[in-house]
């Protein structure tokens with residue numbers, strides 16, 4: 091019984107087998123193609139990280155400023171140190187570290203201030219990173 | 049018509065087993081942080097080489113342990129591609145579920161890198177599942193047919209498979225840093241001794257007894273030594289792929305290779321158990 095079945099399935103390949111192999115071929119080809127394309131023609135520039143303020147939420151424990159870091163460069167960055175300097179009557183600094191920001195990708199985090207960052211001029215920037223490996 | 053439906057159902061069941069096996073074999077990697085970060089940071093050409101090399105490896109593996117008992121090249125290629133597809137789909141689904149892909153644009157290099165790096169071990173799992181979880185697999189007869197080259201190939205697959213589970217982790221480098229020269233030599237000796245014992249002395253099911261016939265020295269030279277060589281080569285290749293060898297002093301690279309060679313040797317030795 092089992093023998094007869096396996097013979098039938100080896101002699102004429104069921105459509106499902108073609109479909110599964112087709113899906114596999116498409117996925118593998120896409121992955122290899124995209125990666126090779128990126129390797130050959132991808133932008134080969136250092137990480138360029140833009141930090142934006144997305145939202146400020148006052149909490150009893152300080153003002154939580156949610157930030158978004160976008161890496162516009164052509165290489166991933168690791169351990170990206172981000173600093174926010176809030177100038178005003180009492181200047182203060184908050185910082186956070188992003189583990190990884192891949193190229194052309196975004197990562198989210200937050201900085202915590204004692205004063206409302208919406209009030210004073212807030213300067214956000216990435217201070218440094220290490221090469222991801 | 050009915051037969052065709054049966055064949056489809058049969059294949060569907062095999063495919064479901066493949067998903068099951070892929071899950072079972074690859075979840076440790078899918079849940080390893082380094083796999084995600086390596087997915088985005090690994091050198092792109094090295095990733096391409098890795099993905100391209102995976103295909104012939106899957107085809108070869110399909111010949112020895114496919115999820116349909118087949119012997120023809122066309123079938124092996126179809127099985128290998130299907131297994132690769134299963135690997136991709138499963139990795140994408142699980143990484144998505146774990147929230148690993150959040151924040152990266154769909155179709156971005158980060159997403160594809162993470163998925164494809166995990167897809168290869170999952171695909172090996174998918175192929176192995178057919179035999180491990182299926183009710184009918186290739187019998188002993190086919191196993192015996194593996195010649196010297198086939199034997200080395202299977203050892204390489206076993207080494208790849210087991211070493212891959214730990215190769216991406218930071219611990220491999222840390223262990224290498226911690227070990228002194230004496231400990232390194234000790235680990236090397238242990239790897240070789242274990243490799244030999246596993247294959248020829250412990251008598252696990254699926255191990256062929258006949259190879260012992262030539263006596264200790266012959267078996268050692270003909271099988272154990274090349275087996276360890278394969279394990280070391282696989283280890284070095286993996287470390288290179290993951291960028292662990294870049295800018296590192298040669299003696300440190302050697303230590304890392306020997307450290308990773310330990311699981312690789314165990315994998316090579318027990319390849320026959322799994323494959």
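Protein chains in written order, with our numbering: chain A, 91 to 223; chain B, 49 to 323.
From the three backbone atoms N, C-alpha and C, an ideal C-beta is built for every residue, glycine too.
Given the structure is predicted, the values throughout are model-derived calculations rather than measurements.
Rounded distance between the beta-carbons of residue j and residue i, thought under 8 Å
i: residue 243 of chain B; j: residue 316 of chain B; result: 6 Å
i: residue 132 of chain A; j: residue 92 of chain B; result: 7 Å
i: residue 307 of chain B; j: residue 235 of chain B; result: 7 Å
i: residue 111 of chain A; j: residue 130 of chain B; result: 5 Å
i: residue 87 of chain B; j: residue 142 of chain B; result: Wrong, their Cβ atoms sit about 13 Å apart, outside the cutoff.
i: residue 82 of chain B; j: residue 218 of chain B; result: 6 Å
i: residue 43 of chain B; j: residue 209 of chain B; result: Only positions 49 to 323 of chain B appear in the structure, and residue 43 of chain B is not among them; the question remains open.
i: residue 318 of chain B; j: residue 246 of chain B; result: 6 Å
i: residue 167 of chain B; j: residue 136 of chain B; result: 4 Å
i: residue 313 of chain B; j: residue 276 of chain B; result: 6 Å
i: residue 138 of chain A; j: residue 219 of chain A; result: No, residue 138 of chain A and residue 219 of chain A are not in contact; Cβ-Cβ is about 11 Å, not under 8 Å.
i: residue 100 of chain B; j: residue 289 of chain B; result: Contact flag wrong, Cβ pair sits at about 12 Å.
i: residue 304 of chain B; j: residue 321 of chain B; result: Actually they do not touch by this definition, with Cβ atoms about 26 Å apart.
Backbone CA spacing between residue i and residue j [nearest angstrom]
i: residue 158 of chain B; j: residue 310 of chain B; result: 31 Å
i: residue 169 of chain A; j: residue 188 of chain A; result: 5 Å
i: residue 132 of chain B; j: residue 84 of chain B; result: 19 Å
i: residue 127 of chain B; j: residue 160 of chain A; result: 41 Å
i: residue 138 of chain B; j: residue 294 of chain B; result: 31 Å
i: residue 115 of chain A; j: residue 263 of chain B; result: 46 Å
i: residue 203 of chain B; j: residue 112 of chain B; result: 12 Å
i: residue 179 of chain A; j: residue 204 of chain A; result: 12 Å
i: residue 68 of chain B; j: residue 105 of chain B; result: 20 Å
i: residue 207 of chain B; j: residue 148 of chain B; result: 28 Å
i: residue 231 of chain B; j: residue 54 of chain B; result: 58 Å
i: residue 147 of chain A; j: residue 177 of chain A; result: 19 Å
i: residue 279 of chain B; j: residue 222 of chain B; result: 20 Å
i: residue 61 of chain B; j: residue 213 of chain B; result: 27 Å
i: residue 113 of chain A; j: residue 163 of chain B; result: 15 Å
i: residue 106 of chain A; j: residue 56 of chain B; result: 6 Å
i: residue 190 of chain A; j: residue 268 of chain B; result: 47 Å
i: residue 140 of chain B; j: residue 215 of chain B; result: 21 Å
i: residue 215 of chain A; j: residue 292 of chain B; result: 30 Å
i: residue 156 of chain B; j: residue 220 of chain B; result: 29 Å
i: residue 52 of chain B; j: residue 281 of chain B; result: 45 Å
i: residue 80 of chain B; j: residue 283 of chain B; result: 19 Å
i: residue 104 of chain A; j: residue 107 of chain B; result: 19 Å
i: residue 50 of chain B; j: residue 108 of chain A; result: 18 Å
Best match in the options for proximity to residue i [C-alpha to C-alpha]
i: residue 150 of chain A; options: A:166, A:127, A:206 and A:157; result: A:206
i: residue 154 of chain A; options: A:199, A:215 and A:102; result: A:199
i: residue 274 of chain B; options: B:201, B:167 and B:298; result: B:201
i: residue 194 of chain A; options: A:121, A:134 and A:109; result: A:134
i: residue 121 of chain A; options: B:214, B:206 and B:97; result: B:97
i: residue 183 of chain A; options: A:106, A:107 and A:213; result: A:213
i: residue 144 of chain B; options: B:121, B:78, B:109 and B:107; result: B:78
i: residue 228 of chain B; options: B:198, B:300 and B:214; result: B:300
i: residue 136 of chain A; options: A:125, A:127, A:130 and A:192; result: A:192
i: residue 75 of chain B; options: B:224, B:146 and B:265; result: B:146
i: residue 197 of chain A; options: A:130, A:162, A:123 and A:129; result: A:162
i: residue 211 of chain B; options: B:73, B:266, B:140 and B:237; result: B:73
i: residue 125 of chain A; options: B:160, B:224 and B:270; result: B:160
Close Cβ partners of residue i (< 6 Å) along its chain, the five nearest in sequence each way excluded
i: residue 142 of chain A; result: 158
i: residue 144 of chain A; result: 156 and 158
i: residue 109 of chain B; result: 175 and 205
i: residue 272 of chain B; result: 243 and 244
i: residue 190 of chain B; result: Reliability fails at residue 190 of chain B, whose pLDDT of 48 lies under 50, so the model's placement of it is uncertain and the value that follows must be treated cautiously. Around residue 190 of chain B: no qualifying Cβ.
i: residue 96 of chain A; result: Reliability fails at residue 96 of chain A, whose pLDDT of 45 lies under 50, so the model's placement of it is uncertain and the value that follows must be treated cautiously. Contacts found: none.
Residue i: contacting residues in chain A (beta-carbon distance under 8 Å)
i: residue 130 of chain B; result: 107, 110, 111, 113 and 114
i: residue 147 of chain B; result: In chain order: nothing, as chain A lies at least about 12 Å away.
i: residue 103 of chain B; result: 118
i: residue 85 of chain B; result: 168, 189, 190 and 222
i: residue 136 of chain B; result: 114, 117, 118 and 121
Cross-chain neighbours of residue i in chain A, by beta carbon under 9 Å
i: residue 63 of chain B; result: 106, 107 and 110
i: residue 133 of chain B; result: 110, 111, 112, 113, 114, 115, 116, 117 and 118
Residues that residue i contacts on chain B, provided the C-beta gap is smaller than 9 Å
i: residue 132 of chain A; result: 92 and 157
i: residue 103 of chain A; result: 55, 59, 122, 123 and 126
i: residue 193 of chain A; result: 88, 156, 157 and 158
Same chain only: Cβ atoms within 8 Å of residue i, ignoring 5 sequence neighbours per side
i: residue 185 of chain A; result: 171, 172, 173, 174, 201 and 217
i: residue 165 of chain A; result: 134, 135, 136, 137, 193, 221 and 222
i: residue 238 of chain B; result: 310
Contact list for residue i against chain B, beta-carbon separation under 8 Å
i: residue 125 of chain A; result: 92, 95, 96, 99, 157, 160, 161 and 164
i: residue 171 of chain A; result: In chain order: nothing, as chain B lies at least about 17 Å away.
Interface residues of chain B facing residue i [CB-CB closer than 7 Å]
i: residue 122 of chain A; result: 96, 99 and 100
i: residue 150 of chain A; result: Those within 7 Å of residue 150 of chain A in chain B number zero; the least Cβ separation is about 28 Å.
i: residue 129 of chain A; result: 92, 93 and 96
Beta-carbon contacts of residue i that lie in its chain and below 7 Å, excluding the five residues immediately before and after
i: residue 71 of chain B; result: 138
Proximity test, residue i beta-carbon vs the ligand ZN heavy atom, cut-off 6 Å
i: residue 127 of chain B; result: Among the components modelled here there is no ligand, and therefore nothing to report on the ligand ZN.
Interface partners of residue i on chain A, CB under 7 Å
i: residue 52 of chain B; result: 104
i: residue 108 of chain B; result: Those do not exist, as residue 108 of chain B stays about 16 Å from chain A at its closest Cβ, beyond 7 Å.
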